[in-house]
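**Student:**
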Amino acid sequence: MASIAVCPGSFDPVTLGHLDIITRGASVFDKVIVAVLNNRSKQPLFSVEERVHLLKEVTKDIPNVEIDSFNGLLIDYVKAKQASAIIKGLRAVSDFEYEMQMASINRKLDEDVETFFMMTNNKFSYLSSSIVKEIAKYNAHVGDLVPEVVENALKEKFSKLR
Ligand code: PNS
Numbered sequence: 015m016a017s018i019a020v021c022p023g024s025f026d027p028v029t030l031g032h033l034d035i036i037t038r039g040a041s042v043f044d045k046v047i048v049a050v051l052n053n054r055s056k057q058p059l060f061s062v063e064e065r066v067h068l069l070k071e072v073t074k075d076i077p078n079v080e081i082d083s084f085n086g087l088l089i090d091y092v093k094a095k096q097a098s099a100i101i102k103g104l105r106a107v108s109d110f111e112y113e114m115q116m117a118s119i120n121r122k123l124d125e126d127v128e129t130f131f132m133m134t135n136n137k138f139s140y141l142s143s144s145i146v147k148e149i150a151k152y153n154a155h156v157g158d159l160v161p162e163v164v165e166n167a168l169k170e171k172f173s174k175l176r
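Residue 77 in this note's numbering sits at position 63 of the sequence shown; the count goes up by one each step and never skips.
(1) Going by CA-CA distance only, name the one from 22, 24, 18 and 33 that's closest to residue 4.
(2) Based on DSSP bridge pairs, tell me the residues matched to residue 80.
(3) Does DSSP put residue 70 in a helix, in a strand, or in coil?
(4) How would the residue list near the ligand PNS read, in chain order, if you kept each one whose beta-carbon is closer than 5 Å to any heavy atom?
(5) Taking one C-beta from the segment 104 to 116 and one from the segment 42 to 52 each time, how about it: are there three or more such pairs within less than 8 Å?
(6) Between residue 18 and the rest of its own chain, which residues show a CB-CB distance below 6 Å, the 5 nearest in sequence each way excluded?
(7) Roughly how many angstroms separate the alpha carbons of residue 116 and residue 102, rounded to a whole number?
(8) Please state if the CB of residue 104 and the CB of residue 134 are separated by a distance shorter than 8 Å.
(9) Residue 73 to residue 79, Cα distance in whole Å?
(10) Could you give the DSSP three-state label for residue 159: helix, strand or coil?
(11) Report the three-state DSSP secondary structure of residue 16 (helix, strand or coil).
(12) Buried or exposed, going by whether 16 or more other CB atoms sit within 10 Å of the CB of residue 16?
(13) Please classify residue 175: is it buried, with 16 or more other beta-carbons within 10 angstroms of its beta-carbon, or exposed?
(14) Spell out a yes or no on whether the segment 138 to 158 and the segment 21 to 35 are touching, meaning 3 or more CB-CB pairs, one atom from each, closer than 8 Å.
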């Protein structure tokens with residue numbers, strides 16, 4: 015049976031840190047589904063459609079990666095996709111407590127689904143979508159933090175908002 019993993023997140027927008035985790039996950043699992051949470055209670059910079067589009071662009075050369083979005087509980091989505099694993103990236107100890115809570119609740123909801131943590135490449139340990147947005151908002155260079163297509167999308171978005 016093919017091993018399918020879901021890599022969930024907000025991806026607002028996808029960073030080089032995310033891409034590192036997705037790429038490495040795709041070398042371990044037969045298929046990785048990157049799933050963008052459609053969370054109406056948050057105020058994202060990019061719409062779900064825009065985030066899905068950017069993810070598709072940056073993963074187009076990885077054949078076993080699929081991009082999708084989901085609503086509701088992650089564990090229900092994982093089961094609907096017949097996946098057996100969740101992949102998450104860990105940047106620092108500060109991520110650990112929240113991620114452990116999420117992994118524990120997901121295990122309680124369905125003990126057949128495993129959460130796999132991957133340590134983010136050290137060069138991205140400080141990186142987050144929020145930091146990228148903060149820097150890009152003030153027109154600073156983000157070219158070494160996000161793929162080029164995302165850098166351009168950030169420039170366009172903030173030039174419209176200014
Ligand atoms: O990139 P993020 O914002 O850290 O991703 C968080 C995400 C999407 C992985 C998490 O919020 C999530 O799984 N949300 C779906 C709702 C859910 O299943 N919550 C856990 C049980 S309460």
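In this text, a Cβ means the ideal position worked out from N, Cα and C, and glycines have one as well. This one's a predicted model, so the numbers in the text were calculated from it and none came from an experiment.
**Tutor:** Reading off the structure:
(1) Residue 4 is absent from the model: the chain starts at 15 and stops at 176.
(2) 47
(3) helix
(4) 22, 23, 24, 51, 87, 88 and 119
(5) no
(6) 45 and 97
(7) 10 Å
(8) yes
(9) 7 Å
(10) coil
(11) coil
(12) exposed
(13) exposed
(14) yes
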